[in-house]
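This report refers to the structure that appears directly beneath it.
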Amino acid sequence: MRGRQISRRSVLKGSLMASVIGGTGSFFGPWRENHAWAQGAKPIKLGLTCDASGQYGNSGQDDFRGIKMAIDEFNAKGGVLGRQVTFITADTETTPATGSRVAERFITREDCTILVGALHSGVANAITQVASKYGVIYMNTNSSAPSEAGENCSRVKFVWDGNGTNFSKASVKNSVDSIGKNWMLLTNDYVWGHTTSAATKAQVEAAGGRIIDNLLVPQNTRDFTAYLLKIQQAKPDVVATAIGGDDIKALREQVAQLKLDGKPAWINNQQDWPDVWGAPDSLFGVFGTTWYHKLQLPGVAEFVKKWQAANKDGPIPVPGNVSYNGYMSTRELLRAIERAGSTNNVKIIKELENLKVSATDRMQHFDAYMDPVTHQMQQTIYLARRNAKPADNTDLFEIISWTEPKSAADDAAPTKCKLTPYEQVPTVDS
Amino acid sequence: MFDLLPHLLNGLTLGLLFALIALGFMLIVGLMEQINLAHGSLFALGAYVAMQLTGPRPPLPADLAKLWLALPLGWRYAATLVIAPVIVGLIGMLIEFCMRRTYGKDPLYGLLLTFGAAMVIEELIRLVWGTRDYVLQVPSAINGGFLFGDLIWSSYRFYAAGIAAGIIALVWVLIEKTSFGATVKAGAHDSEIVRALGINLSRLRLLVFVFGTMLAAIAGIIVAPIWGIRPHMGVDAVIPAFLVIVLGGVGSFWGAVVAGLLVGLCVGLAGAYASEWSLLSMYILLVAVVTFRARGLWGKKSVLEV
Amino acid sequence: MMANSTTSSDAARLVTPTMLVLWLVLATVPLWITRIGLYPYLGIEILIWSLYALAFNLVLGTAGLPSFGHGAYFGIGAYAFGLCQFDIVANLWVCLAAAAVVAGIAGALVALFISHRRGIYYAFMTIAFGQIFWTLAIKSHSVTGGEDGLLKISRLPADFGLVSFDLTDNVAFYYFVLAVFAVGTAILWRLVHSPYGRVVAAIRQSEVRAAHLGYNVWLYKASVFTLSAALSGFSGGLFAMAQLAAFPDVMSLHQSGYVVMMTLVGGGLVSFWGPVIGVFLFLTARDVIGALTNAWMLYFGLLFMAIVLFRPEGIAGALSAAVQQHSINALRRRGTSAMRLLVGGGR
Amino acid sequence: MILEVDGVDTFYGETQALFGASLAIEHAKVFALLGPNGAGKTTMLRSILGLTRPRRGAVRFDGHDVTRNPTHEIARAGIGWVPDDRRLCPTLSVARNLSIAQKRTRFRNWSVKEAAAIFSPLEYLMERDCENLSGGEMQMVAIARALVGSPGLVLFDEPSQGLAPKIVGDVLATILRMKDEGIASLVVEQNAEIALSVADHAAVIDRGRIVWTGEAATLRDDRGLRQRLLGVQ
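Protein chains in written order, with UniProt numbering: chain A, 1 to 430; chain B, 1 to 306; chain C, 1 to 347; chain D, 1 to 233.
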């Protein structure tokens with residue numbers, strides 16, 4: 001078999017070989033952009049795996065806006081290591097099989113040496129597997145299943161969002177003490193829902209509360225009336241939801257219509273800004289986030305202005321947590337390349353593993369750091385509720401608390417995460 | 001027992017909504033023997049058009065827009081309930097024009113065509129309105145909740161169920177009690193003879209198809225405030241529509257209505273007592289029924305069976 | 001229909017000239033695929049989906065049964081392959097067999113319920129079962145990994161006793177899949193042109209007539225469905241190897257719909273090779289268009305509509321019509337006996 | 001002439017079913033088209049109605065060329081059709097089956113009531129679904145359905161098929177009654193005796209060709225001719 005001649009150790013070598021086998025490598029086909037690079041500096045090419053359709057199509061595009069902004073900033077400064085940063089993006093359709101194929105295309109056909117972008121944990125896992133096969137670094141910007149930094153962690157993947165465990169740790173104890181001990185769980189019947197609810201349950205019981213019922217909600221539920229009636233019949237003090245995707249949007253609408261917000265109290269998981277923006281009147285209960293565009297912190301206002309200038313007439317007027325994560329992850333990635341002074345993947349990985357970002361630099365309340373064991377960014381976790389006195393029509397959240405990274409950390413993750421040794425990571429360079 | 005009653009009531013209201021969602025699909029399958037896979041996308045389009053019309057930026061010249069916006073929301077909503085389906089009906093007309101080339105051929109071709117149309121409409125929605133979610137504003141009179149038997153109920157839901165019942169009744173009158181309905185039925189049964197009776201069959205088919213798409217749009221408008229509006233919302237509609245039709249039996253009006261109610265009850269009760277099975281329960285119901293009754297509850301032999 | 005487009009001599013062959021040419025062309029793909037701007041992995045997906053679509057067309061094209069939930073068996077095969085690898089034995093042949101067998105069992109189970117149905121009710125029941133399998137795959141996350149997917153599936157080496165081939169590299173895996181594809185197409189060709197295949201085709205023409213001729217229609221329908229499910233599952237096992245994971249999405253209604261569309265667009269109703277043409281067109285176009293624009297659905301929707309409006313017999317049908325027309329014209333013009341050969345080769 | 005069929009060639013796919021067939025029917029006259037099974041009688045009716053469009057030749061109705069008109073327009077010009085298998089909509093009531101066929105033409109306009117009055121039992125069957133009717137009742141409904149279309153010409157396809165002799169008599173009486181009202185009929189029959197008993201003119205068709213045409217009385221009286229043209233009856 002001829003293909004066996006191609007070394008699996010290096011993508012670069014592999015694609016070189018392929019072009020040698022194929023001929024001179026000078027003909028790139030009708031779709032290939034064929035530039036002559038100035039001063040011989042080949043750009044660093046990122047593959048942006050952002051959903052444009054399907055359940056996370058909306059968030060995926062907001063993710064994209066943040067990522068692109070960071071890339072543009074670096075290019076305006078003259079690039080990274082004197083090289084321009086370019087990118088390619090394709091719709092991953094919120095479908096893992098597509099994510100897999102797109103990742104293969106980006107790596108083997110587009111010569112991307114780093115992938116960025118994720119919302120759906122299935123898609124993120126599919127991309128992670130392809131990336132780790134080739135040793136390509138992958139920035140998991142916004143997929144927040146606890147498993148991302150647990151059993152599904154990877155040496156090449158870095159997780160930038162807070163997860164369900166982080167948010168439960170930030171919210172539950174306080175609520176048990178101040179609101180009541182009888183809790184009810186509303187759990188989406190899939191992995192993310194189950195792990196998130198399990199985290200909440202542990203926190204509730206540790207704080208002396210008890211779970212009176214756990215209603216499992218099938219994915220793609222659009223009508224929650226049966227559950228809302230059931231909750232009213234059971235009369236819990238607090239309902240903690242682990243409902244995601246389109247389901248939470250439907251639930252929000254329906255709770256808001258009934259004005260059920262208040263009795264019982266609702267604790268929700270993270271509410272992504274692109275989802276909130278579509279239906280601002282339906283925000284209810286207490287929910288988590290990692291960032292808000294009206295945080296009273298230095299740099300936030302400037303960041304928002306820059307973002308707005310870059311995304312004029314966009315569908316969403318201000319950056320939210322999804323765009324923020326996209327931006328932050330890309331910025332830190334490019335900085336890590338600069339610090340490493342190389343595009344060698346292991347060197348960049350080591351830089352990112354030792355990443356510490358000051359509170360000011362992150363525009364959050366506390367310093368953040370990358371956990372070298374789980375590859376999850378440990379950051380400030382905010383709790384918010386609907387803003388009763390908004391300053392303008394984008395001022396939807398009232399931030400009610402911020403928890404420092406250590407207090408919200410997922411203690412179980414390090415025991416679940418096994419990273420492959422550096423030696424086993426295929427070498428990638430560009 | 002008292003715990004059960006609210007869930008029965010909920011199941012019935014849900015069932016009416018399911019029946020409404022399936023209605024337009026049922027008409028086109030039953031009367032034209034065509035499976036309209038674009039049903040879901042037209043459903044979504046109805047919701048989007050209604051949202052645009054009732055929202056702060058109606059697609060009108062500035063002066064007219066001002067006049068329109070000066071109307072109370074209730075009036076605008078009521079008008080939209082008529083205007084939006086008409087606009088969607090025009091799209092339906094376009095699809096029917098393309099559909100004509102598939103009549104008399106393997107029904108798979110109609111399927112392929114409407115599958116394509118569904119993709120085009122969904123992408124056009126994304127191009128026009130973007131990927132974000134929207135909310136359809138409804139007048140405050142039908143919004144909010146009310147207290148009944150110690151529980152808070154959604155007013156809108158009962159309004160929606162009421163509208164659904166009304167539209168079902170209207171469609172029933174049209175099909176069963178008017179000459180138009182009789183002609184359409186005869187046309188579905190034997191297209192040659194109705195032509196030989198002097199009836200313009202292509203116009204008849206066009207009318208039925210457009211009517212079916214308008215019903216899809218109305219269902220979208222009614223359901224949107226509960227489900228929310230997003231580009232791929234059509235998928236959520238087309239699957240229950242399928243299910244209701246098969247359960248009720250192709251070509252049977254009351255079959256579809258009863259099947260809708262059954263599915264609603266099934267999903268509603270499962271939601272309360274076996275919550276994790278609530279969505280799956282409707283498929284199990286279908287398999288259980290169709291195993292014993294080959295053509296659903298009241299299905300007739302269909303051309304699509306060959 | 002299918003018999004019309006093939007001469008009896010070809011139908012009797014194990015390997016037809018068309019088949020041989022196709023295999024040879026496919027064998028050269030890794031040599032030039034990067035030069036036309038594509039990449040070997042895409043070739044792998046195209047081959048796997050082609051095999052899947054051919055298996056699917058056994059039901060749709062040959063038997064005329066509209067199955068719209070076929071993704072379920074493809075997905076079940078993928079899961080079975082992964083689970084076999086993790087829990088039973090990490091052997092390529094055993095696990096591929098497991099993929100086929102488990103999907104075949106699932107198919108047989110469904111066939112029990114649906115084989116006395118036809119047309120629209122058949123279609124709807126296959127959808128319902130497809131949805132059930134899909135929901136169960138997401139729901140039983142302790143087994144399947146739910147939406148996270150069944151991860152870390154590896155490309156097991158192809159062990160032939162004396163020699164063992166490592167398949168982790170995409171080009172190596174491509175050749176493995178091609179070998180499987182070649183065997184698969186040969187088997188399917190024989191099956192379609194066997195007495196069994198002819199009975200199934202007769203059932204497609206008229207169930208009543210086939211029953212009058214003394215065939216047990218139910219048994220034929222059930223067996224062809226089971227066979228197709230098993231082969232789909234087998235392709236699913238290959239897909240799990242390609243993706244290094246099994247995900248529930250391939251089982252969804254949408255993805256099941258795509259295989260129907262690929263088969264129809266390619267011309268599966270009129271030609272044995274239609275599904276392959278459809279898959280090639282669909283996956284390549286989607287990959288290329290997808291890299292250029294996020295609005296790929298628009299173009300595909302328009303393509304589907306255009307096919308129905310202008311080339312309802314699909315691309316294979318249009319091609320063979322064009323070839324025939326061309327040959328006939330050529331014959332008329334020159335009347336040489338050499339041209340007769342061209343007509344023969346135009347299949 | 002109310003109807004002129006002029007040299008019509010009609011095909012089913014590549015199979016030719018009519019070869020230059022011509023016939024002419026006078027106003028308010030009964031015309032019998034006779035011939036064995038498969039001779040092309042039904043194809044003639046389908047060609048007239050445009051259900052199977054002739055490739056060559058012309059069909060003129062009441063002086064207008066309708067060869068290329070869509071079927072529903074040909075019907076609206078005033079041609080009624082009583083198909084051999086009746087083809088009523090089984091799930092609709094008798095009244096509905098009649099009401100959907102009602103239309104106005106330049107000929108005498110019939111109301112449902114008038115049409116039903118021709119067959120007295122129909123009045124009692126109005127609300128019954130057509131799937132619950134006997135064969136004779138169905139035939140009555142089919143004829144009444146043609147009548148409410150206000151035709152100038154009605155095409156009867158094997159009107160006696162599957163009916164009891166008494167009912168056949170009723171049907172023939174109706175054809176004569178319609179003639180009195182000024183409605184012409186084209187009666188297609190295998191059973192020559194029945195058709196000739198009411199016909200003014202007749203034609204014989206064999207393997208897609210009109211082989212004889214003339215006064216019905218000629219054929220009725222000349223047993224030898226009948227035997228030569230139609231075989232032993």
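Glycine included, C-beta positions come from ideal geometry on N, C-alpha and C.
Just so you know, these numbers come straight off a predicted model, no measurement behind them.
Here Lys68 of chain A is buried. Its C-beta has 16 or more other C-beta atoms within 10 Å. In the three-state scheme derived from DSSP, where H, G and I count as helix and E and B as strand, Gly214 of chain D is classed as strand. Val148 of chain D has its alpha-carbon roughly 21 Å from the corresponding atom of Glu176 of chain B. When DSSP states are grouped into helix, strand and coil, His116 of chain C belongs to the coil group. Its Cα nearest to that of Lys356 of chain A, the residue A:Gln378 stands out among A:Gln378, A:Lys347, A:Gly341.
For Lys249 of chain A, the secondary structure class from DSSP, reduced to helix, strand or coil, is helix. Selection B:His39, B:Trp153, B:Leu12, B:Gly268 evaluated against Leu23 of chain B yields B:His39 as nearest (Cα-Cα). Annotation for Gln16 of chain D: the continuous beta strand (DSSP E) segment containing it runs 15 to 25. Collapsing the DSSP output to three states places Arg155 of chain C in coil. Residue range 145 to 148 is occupied by the beta strand (DSSP E) that includes Phe146 of chain B. Taking a cut-off of 8 Å on C-beta distances, the stretch 299 to 318 of chain A does not touch the stretch 344 to 358 of chain A, as fewer than three cross pairs fall below it.
Using a 10 angstroms sphere on the CB of Asn393 of chain A, the tally of other CB atoms stays under 16, which defines it as exposed.
At the C-beta level, Ile114 of chain A and Ile88 of chain A stay beyond 8 Å of one another.
Secondary structure at Phe284 of chain A: coil, using DSSP grouped into helix, strand and coil. Shown here for Leu73 of chain B: same chain residues with a beta carbon closer than 6 Å to its own, the five before and five after excluded, namely Pro139 in chain order.
The beta carbon of Ala118 of chain B does not come within 8 Å of any beta carbon belonging to chain D, so the residue lies off that interface. Contact of Tyr227 of chain A with chain B by beta-carbon distance below 7 Å involves Gly271, Ser275. Here Ala117 of chain D is exposed. Its C-beta has fewer than 16 other C-beta atoms within 10 Å.
Straight across, the Cα-Cα distance linking Thr213 of chain D with Gly231 of chain D is about 16 Å. Between Leu219 of chain D and Val198 of chain D the beta-carbon gap is near 13 Å, outside 8 Å, which marks them as no contact. Counting C-beta atoms within 10 angstroms of its own C-beta, Asp72 of chain A has fewer than 16 neighbours from the protein chains shown and is therefore classed as exposed.
Leu46 of chain A carries a strand assignment under DSSP once its states are collapsed to helix, strand and coil.
At a cut-off of 8 Å between C-beta atoms, Asn75 of chain A does not count as an interface residue with respect to chain C. Its Cα nearest to that of Gly69 of chain C, the residue C:Pro248 stands out among C:Tyr175, C:Ile203, C:Pro248, C:Asp10. Contacts between Glu123 of chain B and chain C, judged by CB atoms closer than 7 Å, involve Ala295, Met297, Leu298, Gly301 in chain order. Here Phe11 of chain D carries a strand assignment [DSSP, helix/strand/coil]. Contact annotation, Ala103 of chain C with Gly236 of chain C: C-beta distance approximately 6 Å; criterion of less than 8 Å satisfied. Close to chain D, meaning a Cβ-Cβ distance shorter than 8 Å, are the following residues of the stretch 161 to 192 of chain B: Ser179, Ala182, Thr183, Lys185, Ala186, His189, Asp190, Glu192.
Judged by beta-carbon spacing, Arg226 of chain D lies within the 8 Å limit of Ala192 of chain D, meaning their Cβ atoms are closer than that value. Every alpha helix (DSSP H) of 4 residues or more that sits fully in the stretch 192 to 275 of chain B is shown, in chain order, as 201 to 227, 233 to 248, 253 to 273. When the Cα atoms are used, Trp402 of chain A and Asp410 of chain A turn out to be separated by approximately 16 Å.
In the DSSP assignment, Val188 of chain D is bridged to D:Leu33, D:Asp157. According to the DSSP assignment, Asp206 of chain D belongs to the beta strand (DSSP E) that extends over 201 to 206.
When the Cα atoms are used, Leu151 of chain B and Phe158 of chain B turn out to be separated by approximately 14 Å. DSSP, read as helix, strand or coil, puts Lys181 of chain A in coil. Boundaries of the beta strand (DSSP E) harbouring Tyr138 of chain A: 137 to 140, taken from the DSSP string.
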